[in-house]
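Protein chains in written order, with this note's numbering: chain C, 1 to 340; chain U, 1 to 230; chain H, 1 to 258.
Report on the following structure.
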């Protein structure tokens with residue numbers, strides 16, 4: 001997920017949800033007597049996953065190469081809550097230093113790649129499958145099922161977040177039909193590698209996996225409560241933000257657009273985008289949960305729709321570039337003078 | 001005085017890393033500990049600061065005997081420098097890293113800053129304070145790791161292979177720095193020349209047991225070294 | 001596997017840039033953080049077709065890079081990482097949304113193309129805002145600021161250790177991968193069936209290292225100490241810088257000039 005495909009309402013809501021999940025997890029670690037011991041381990045484990053993601057491997061019979069994502073793998077090694085905190089730190093670093101995602105999209109990314117595998121799939125699928133004891137076969141089954149579930153759910157959330165943001169006009173069905181099968185394949189590969197790595201670690205150092213699964217674990221807390229509170233938080237944030245969005249800046253534009261009536265542009269666009277938009281727009285009308293620009297495009301007011309707009313943009317680019325150049329020149333001249 | 005009596009250290013799986021070892025290090029004395037890979041040098045060092053708890057035997061530091069309750073105090077008085085500085089430098093900047101120890105032991109900010117600066121100055125690496133450990137050379141990392149321990153004002157210093165990974169010049173300046181530090185030292189090393197330059201006594205460890213405890217002439221005793229696998 | 005060493009290099013090059021001494025580097029980290037967030041949220045809040053209203057925001061990256069003496073090339077190359085997914089979403093718009101928006105000299109520009117250009121521009125601006133933040137703020141100042149903002153100690157600590165050990169473990173992975181490559185007839189990537197033991201070894205080594213790091217921390221009295229962070233006042237120059245970024249940005253967002 002990237003900043004450019006998000007609306008502020010969706011982005012900020014997901015940031016709040018992920019921040020809450022981090023807050024709850026931190027509280028769990030703080031309350032646990034061994035939690036403190038796990039902190040350096042969580043940090044190094046995060047770095048470990050980061051390094052693991054950099055290893056490319058070839059996928060048999062395809063010629064393609066891939067790398068692991070590592071959510072379920074880390075949860076299998078550390079347990080759900082510590083793995084979640086590690087992954088969150090890794091995602092924050094990737095967003096800051098490697099331009100992966102973006103600051104606003106960080107909330108979405110932590111949710112899709114952290115909350116889903118570590119706090120939802122792990123306790124609901126991975127652990128129950130290992131309830132009756134460890135073993136290579138059970139580990140494989142749990143890894144495979146969890147990885148597929150985590151990637152599919154994650155991909156589904158990316159689709160939802162993108163569509164709710166209203167930046168793309170891809171219909172829901174098409175988008176989902178593109179994303180889900182791709183992530184099914186990725187999930188199977190991820191699951192295969194995850195099970196191979198867990199089996200290897202289990203063979204060499206069974207105590208690592210044993211302590212994650214049966215040891216004094218942190219983060220045994222009621223999933224129902226957490227999910228329910230996350231859901232409530234989502235609703236509160238998104239309604240607060242969309243209220244703001246619809247009464248404030250965009251409210252103006254929206255009212256202006258409405259006053260002018262439906263423009264031809266809006267009509268064609270709705271036709272082009274297909275029925276999902278009508279449905280979504282009416283849902284939007286009923287719930288008012290989403291900011292207006294998500295579905296009702298307003299080309300008359302989208303300003304740039306004319307030659308003058310393009311010229312203005314070109315001029316702005318040029319002036320901005322020139323300003324940068326002038327400052328750089330002035331600085332290097334100053335430096336040259338001071339050296340003399 | 002740091003005194004070890006009949007010390008035995010076991011791994012969690014029950015194998016003995018160190019077996020009934022006894023020796024002592026006087027204040028200000030430099031003692032070398034040599035032995036083949038896997039002879040138990042690192043385990044012995046780790047047990048002296050209670051990272052590995054002794055399975056049997058006692059560790060005396062002055063009047064105190066190391067136990068679970070006085071770990072904190074013992075650790076502030078015995079500083080361990082790890083073999084790999086990357087294990088020891090874990091904070092985002094050298095200043096923060098060196099300050100970690102004093103802060104953990106409850107120094108106020110003014111005192112912490114004073115201690116950090118003093119530690120860095122005594123190793124002549126004051127200019128590295130604001131740098132990130134990512135960007136230091138091997139030699140600089142080694143000195144920074146030593147500084148993190150010095151800042152806690154310990155009475156004794158333990159070194160695990162201090163000259164590992166160093167180029168000849170960095171090694172020479174390390175020897176120079178170590179010889180100037182007033183604390184008593186126990187130095188685990190394969191670098192016999194370093195041991196000879198710095199130390200007045202040598203412990204020879206063989207398969208977890210103390211095979212010899214004597215003067216530096218041990219370093220030239222080919223038969224004893226060969227028997228210990230060096 | 002060359003991308004492993006490339007990543008280490010990327011990390012270090014940003015760290016090196018952040019040690020600069022320009023006026024931008026000297027600003028309070030909070031100032032830089034707030035400016036970046038303000039620019040990103042405002043840029044993202046523009047509509048699907050607002051390309052020309054977004055254009056003036058280009059002043060932000062250009063002027064900031066010039067003031068902070070950051071190399072254009074290095075940062076530009078980073079932007080490409082975010083490209084594929086944005087391009088996919090943008091291109092699908094260009095295909096689906098074909099209604100003509102306007103025409104320039106007989107060439108008609110569709111809404112879809114306009115939205116593609118808008119997405120790419122937004123992507124550029126957002127990525128640059130984040131990169132400028134880390135290229136002008138050393139990592140320890142960033143985490144110190146997080147502490148000042150009362151972010152949970154545990155998380156800040158994990159964040160710091162992760163950052164610290166990324167380059168260490170990347171180098172370890174890199175040398176393992178090199179060793180693999182040398183004995184595998186120069187394969188570009190690992191075979192998938194070797195991943196279990198390869199990544200397994202890497203992870204076990206990581207765990208052992210984590211244990212040693214934890215031991216090193218304990219030796220220095222580690223417990224979740226509240227690391228006190230020196231207070232740092234917001235100076236007048238911070239207020240001026242913040243105003244210089246936010247006021248024009250807000251004005252451009254809420255007033256339509258063309």
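A virtual CB, placed ideally from N, CA and C, is assigned to each residue, including glycine.
Nearest-angstrom beta carbon gap, residue j and residue i [assumed within contact, 8 Å]
i, j, result
"residue 121/C", "residue 86/C", "16 Å between Cβ atoms; not a contact."
"residue 38/H", "residue 245/H", "7 Å"
"residue 190/C", "residue 151/C", "6 Å"
"residue 196/H", "residue 89/C", "So it is not a contact: roughly 25 Å between Cβ atoms."
"residue 43/H", "residue 99/C", "Contact flag wrong, Cβ pair sits at about 15 Å."
"residue 173/C", "residue 119/C", "Between residue 119/C and residue 173/C the Cβ distance is about 29 Å, and since that is not below 8 Å, they are no contact."
Buried versus exposed, by CB contacts within 10 Å (16 or more), residue i
i, result
"residue 336/C", "exposed"
"residue 15/U", "exposed"
"residue 162/U", "buried"
"residue 318/C", "exposed"
"residue 67/U", "exposed"
"residue 104/U", "buried"
"residue 7/H", "buried"
"residue 21/H", "exposed"
"residue 202/C", "buried"
"residue 26/C", "buried"
"residue 115/H", "buried"
"residue 132/C", "exposed"
"residue 210/U", "buried"
"residue 140/U", "buried"
"residue 160/H", "buried"
"residue 47/U", "buried"
"residue 124/H", "buried"
"residue 34/U", "buried"
"residue 96/U", "buried"
7 Å CB neighbourhood of residue i in its chain, flanking five on each side removed
i, result
"residue 25/H", "68, 136"
"residue 4/H", "170, 173, 174, 177"
"residue 237/U", "Only positions 1 to 230 of chain U appear in this structure, which leaves residue 237/U out of reach."
"residue 121/H", "51, 54"
"residue 163/C", "172, 175"
"residue 259/C", "With a pLDDT of only 37 at residue 259/C, under the threshold of 50, the placement of this residue in the model should not be trusted, and no figure is reported."
"residue 23/U", "4, 203, 210, 213"
Cβ-heavy atom distance, residue i to the ligand HEM, below 7 Å
i, result
"residue 104/U", "The ligand HEM is not among the ligands present in this structure, which contains no ligands whatsoever."
Same chain only: Cβ atoms within 8 Å of residue i, ignoring 5 sequence neighbours per side
i, result
"residue 262/C", "With a pLDDT of only 37 at residue 262/C, under 50, the local geometry of the prediction cannot be trusted, and the value read off the model is given with reservation. Same-chain partners within the cutoff: there are none."
"residue 132/U", "92, 93, 94"
"residue 57/C", "65, 66, 67, 193"
"residue 116/C", "71, 150, 153, 154, 157"
"residue 56/U", "6, 7, 8, 20"
"residue 209/H", "165, 168, 169"
"residue 194/H", "180"
Close beta carbons around residue i, own chain, < 6 Å, minus the five adjacent residues each side
i, result
"residue 49/U", "75, 78, 80"
"residue 107/U", "none"
"residue 196/U", "216, 219"
"residue 46/C", "86, 89, 90"
"residue 119/H", "86, 90"
"residue 83/C", "74, 75, 118"
"residue 83/H", "none"
**Message:** At a CB distance below 7 Å, what residues from the stretch 43-55 of chain H approach chain U? Give them in sequence order.
**Reply:** none
**Asked** Listed in chain order, which residues of the stretch 13-25 of chain C have Cβ atoms closer than 8 Å to some Cβ of chain D?
**Response** The chain labelled as chain D is not found among the protein chains of the depicted structure, namely C, U and H.
**Item:** Near-chain H residues of the stretch 70-93 of chain C - C-beta to any C-beta below 7 Å
**Value:** 77, 85, 86, 89, 90, 92, 93
**Request:** For the stretch 201-220 of chain H, enumerate the residues whose C-beta is nearer than 8 Å to any C-beta of chain U, in chain order.
**Result:** 209, 212, 213, 215, 216, 217, 218, 219, 220
**Request:** With 7 Å as the limit, tell me which residues of the stretch 91-111 of chain H have their beta carbon closer than that to any beta carbon of chain C; keep them in chain order.
**Result:** 92, 93, 96, 97, 98, 99, 101, 102, 104, 111
**Request:** Would you list, in chain order, the members of the stretch 149-163 of chain H that have their beta-carbon closer than 9 Å to a beta-carbon of chain U?
**Result:** 160, 161, 163
**Request:** Counting only runs of 4+ residues fully inside the stretch 93-121 of chain U, write out the alpha helix (DSSP H) ranges in chain order.
**Result:** Here the runs fully enclosed are 94-104.
**Request:** Taking only beta carbons into account, state which residues of the stretch 84-115 of chain U come closer than 7 Å to chain H, listed in chain order.
**Result:** 86, 87, 88, 90, 91, 92, 93, 96, 100, 101, 103, 104, 105, 109
**Message:** What are the residues in the stretch 61-88 of chain H lying within 7 Å of chain C by C-beta distance?
**Reply:** For the stretch 61-88 of chain H, which is checked against every Cβ of chain C, the residues closer than 7 Å are 62, 63, 65, 66, 67, 69, 78, 79, 81, 82, 85, 86.
**Item:** Minimum length 4: unbroken alpha helix (DSSP H) runs contained in the stretch 30-83 of chain H
**Value:** Entirely contained in the stretch 30-83 of chain H, the alpha helix (DSSP H) runs reaching 4 residues are, in chain order, 51-54, 59-67, 72-79.
**Request:** Can you check the stretch 166-225 of chain U for any alpha helix (DSSP H) of at least 4 residues that lies completely inside it and give the ranges in chain order?
**Result:** 168-180, 192-198
**Message:** Threshold first: 4 residues or longer. Then list the alpha helix (DSSP H) segments lying entirely within the stretch 186-215 of chain C, N to C.
**Reply:** 206-213
**Item:** chain H contacts made by the stretch 27-53 of chain C, where a contact means CB separation under 7 Å
**Value:** Answer set for the stretch 27-53 of chain C: 29, 30, 36, 37, 39, 40, 41, 42, 43, 44, 45, 46, 47, 48, 50, 51, 52.
**Asked** Going along the chain, which residues of the stretch 117-132 of chain U sit with their C-beta nearer than 7 Å to a C-beta in chain H?
**Response** Correct list: 132.
**Request:** Please list the segments of the beta strand (DSSP E) lying wholly inside the stretch 1-77 of chain U, counting only runs of 3 or more residues, in order along the chain.
**Result:** The qualifying runs are 2-10, 16-25, 30-35, 56-61.
**Request:** Could you please tell me which residues of the stretch 165-189 of chain H, in chain order, have their CB closer than 7 Å to any CB of chain U?
**Result:** Correct list: 167, 168.
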